[in-house]
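Residues in the sequence shown are numbered from 782 upward in steps of one, following our numbering.
Just so it is clear, CB atoms sit at the ideal spot from N, CA and C, and this is done for glycine as well.
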Amino acid sequence: MINFNYSIPTEIFFGKGSISILGKQLKRYGAKVLVVYGGGSIKKNGIYDLAIKLIKESKIKFWELSGVEPNPKISSVRQGVKICRDNRIDCILAIGGGSVIDCSKAIAAGYYYGGDPWDIVTDPSKIKKALPVASILTLAATGSEMDIFAVITNEETKEKLGTKSSYMAPRFSILDPTYTFTVSKNQTAAGTADIMSHIMENYFNNTEGAYVQDRLAEALLKTCIKYGPIALEKPDDYDARANLMWTSSLAINGLLDYGKVKGWSVHGMEHELSAFYDITHGVGLAILTPYWMEYVLDNNTVDKFVEYGINIWSIDKNKDKFTIAHESIEKTREFFNSLGLPARLKEVGIDEENFEKMAEGATRHGKLGEFKPLSKQDVINIYKSAL
Ligand code: NZQ
Ligand code: ZN
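Structure below.
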C-alpha cells in the first residue's frame, strides 16, 4: 500500500425525506443560488417543485439553468458561468445525475477563471478556486455527488475530458433513494455498469498490499450484482435503490483508490465513444469491459482475475487459473447482458470509422491505465474485438 492523504469533505444527507435540510444547508453558503438541472425529469417526478418550495421558504434568491444534456457540453458550462457572473451567485445547486452535477462543478470553477472554461477542463491545474456546489442526486451511477471530478464534452472538437479539483467536491449532497424510483430501466442498468466499472478500475491494479481496498471493492461489486437486477425488476424497491445509491458514492469517492497507484483503462476508452457518438457512458463501459478483460489477461495479470473469479463469482478455486479467469470474464459479460445492456459496439451504431482517432484521443497523455498499460494500437485492437 502506498502513502495517501484521506480527505472526503462532502457532507451526505442520506435517506427518505432528507431534502428537508435543503434551505438550512444552502444558507450556509450564501443567499443567491443557481439551480442547475437537466431535460425535465425533475419536473415530472416532483423533485423540482419540492426543492423550489424549500428554497423560497428559506428566502434564498435563485436563478435557473435548465436543459443540461447527458454528456454535458462546454456550451452549457459557459452559459452557467455567465449567469453566475451577471448575478453574483454565491453557490450552485445541482439537481440531477452525473451530467448535471459535473456541469455545475465546471461552472463553479469556471466562475473564478479568467479565460474560457474549456481551459480548466484541459488543464485542471488552472482551477484555483470554485463556488460552493451542492447536489440533490437523482440517478445512482457516476459518484459525482461525492467526488472531485467533472467530465465535460467539447462538441466542436469532439473531445470528452475529465477534470478534477478538490475545490469542486460538493459541499453537501442529498441522497434520497426514492428520487431514483423513476429512473428508466436502461439508465438503471447503465448506472449499475458505471458503478461496477469504477470499482473494477480500482480493483484491477498492481499495487501490492492493498488488501483492505480490495475486500471493500468486492463488497461493493457484490452489492451491484445483488441489487442491480432487483432495481430493474422493481423500480420502487427502496433497499435496492438505497444500496445502489450509496455504492455509487463509495465507489469513486477515494475510499477504494487511496493507497493504490492510480490509472484507469476502460474509462479512457469509453469517453472517446461518448465523445464521438454521444452514447450513454455506462452502456459503453458495459460493452468494452469484457473485451478489455480478455485483452489484458496474461501470465502477469491472471492472478487478479482468479481472485475476482473466486471472490465475486464463486468459481471453483480448484480449477486451472486461466479457466477461472476466462469464466470470470464470461460471468461479467453475462451479468451486463442480463441487465439488458448491449454486448457489441455495432449494436449502438459504432463502426470502425473513427477507431484510429478515438484511440489517439484515449492515449493522448501516453499509455492508458496501470494494470496493463495500453498503447494506441492496443486500444484499436480492443475496439475491433468489441465490434
Ligand atoms: O435530463 P433529465 O431530464 O434529468 O434526464 C436524465 C438523463 O436523460 C435522466 N434522469 C436522471 N435522473 C432521473 C432521470 N430520469 C428519470 N428519473 C430520474 N430520477 O437520466 C438521463 C441520464 O442522466 P445523466 O446525468 O447523463 O446520467 P449519469 O448520472 O450516468 O451521468 C453521466 C455523465 O457523467 C460522466 C459521464 O461521462 C457522463 O457524462 N461521469 C462523471 C464522473 C464523475 N463526475 O466522477 C465519473 C464517471 O465515470 C462518468 O465519466
Ligand atoms: Zn464512469
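Among the options, nearest to residue i - alpha-carbon criterion
| i | options | result |
| --- | --- | --- |
| S916 | A950, G1147, I1068 | A950 |
| R741 | R1145, A1067, G1150 | Outside the displayed range of the chain (782 to 1168) lies residue 741, so it cannot be described from this structure. |
| L1126 | K1098, D975, I1163 | I1163 |
| I800 | M981, L956, R859, L1001 | L956 |
| P1025 | T1004, E1108, V993, G820 | Contrary to the premise, residue 1025 reads as Leu rather than Pro in this sequence. It is T1004 whose Cα lies nearest to the Cα of L1025. |
| K1170 | D928, N1099, K1007, H979 | Lying outside 782 to 1168, the shown extent of the chain, residue 1170 is not represented and no answer is given. |
| K907 | V914, Y893, T959 | Y893 |
| Y829 | P851, L803, K808 | L803 |
| A889 | G861, D897, P905, G895 | G861 |
| L918 | N1092, G896, Y1019, F953 | F953 |
| P1123 | T938, G1063, D1084, E1014 | G1063 |
| T923 | T1104, D975, T988 | D975 |
| E999 | L1120, S978, K966, I833 | S978 |
| Y810 | W1094, C872, K1041 | C872 |
Local Cβ density within 10 Å of residue i, reported as buried at 16 or more and exposed below that
| i | result |
| --- | --- |
| N786 | exposed |
| R866 | exposed |
| Q968 | buried |
Three-way DSSP call (helix, strand, coil) for residue i in this model
| i | result |
| --- | --- |
| S946 | coil |
| W1045 | coil |
| L874 | strand |
| I929 | coil |
| V814 | strand |
| S978 | helix |
| T934 | strand |
| E1088 | helix |
| S1156 | coil |
| I828 | helix |
| E989 | coil |
Residue i beta carbon near the ligand GTP (any heavy atom closer than 7 Å)
| i | result |
| --- | --- |
| F930 | In the structure on display, the ligand GTP does not appear, and the ligands it does have are the ligand NZQ and the ligand ZN. |
Cβ shell of residue i (< 6 Å), same chain only, five flanking positions each side left out
| i | result |
| --- | --- |
| Y1058 | I1131 |
| T963 | N826 |
| A921 | T961, G972, L1025, M1026, S1029 |
Chain-order list of residues whose beta-carbon lies under 8 Å from that of residue i (same chain, five-residue window excluded)
| i | result |
| --- | --- |
| E850 | G819, G820, S857, S880 |
| G990 | M782 |
Contacts around residue i, its chain only, beta-carbon distance under 7 Å, and the 5 residues preceding and following it disregarded
| i | result |
| --- | --- |
| G1090 | I1096, I1105, A1106, E1108, S1109 |
task: Evaluate contact between the segment 868 to 879 and the segment 896 to 903, counting only Cβ atoms and requiring at least three cross-stretch pairs below 8 Å.
output: no
- request: For the segment 802 to 817 and the segment 837 to 848, state whether three or more C-beta atom pairs, one from each stretch, are separated by less than 8 Å.
  value: yes
query: Quick one: any contact between the segment 1133 to 1152 and the segment 1032 to 1039, if contact means 3 or more CB pairs under 8 Å?
result: no
- prompt: Using 8 Å as the threshold, is the segment 1077 to 1084 in touch with the segment 967 to 984, meaning 3 or more CB pairs across them?
  reply: no
- prompt: Are at least three pairs of beta-carbons, each pair with one atom in the segment 986 to 1004 and one in the segment 789 to 799, less than 8 Å apart?
  reply: no
Stretch-stretch touch, CB-based, cutoff 8 Å, three pairs: the segment 1039 to 1056 with the segment 1003 to 1017: no
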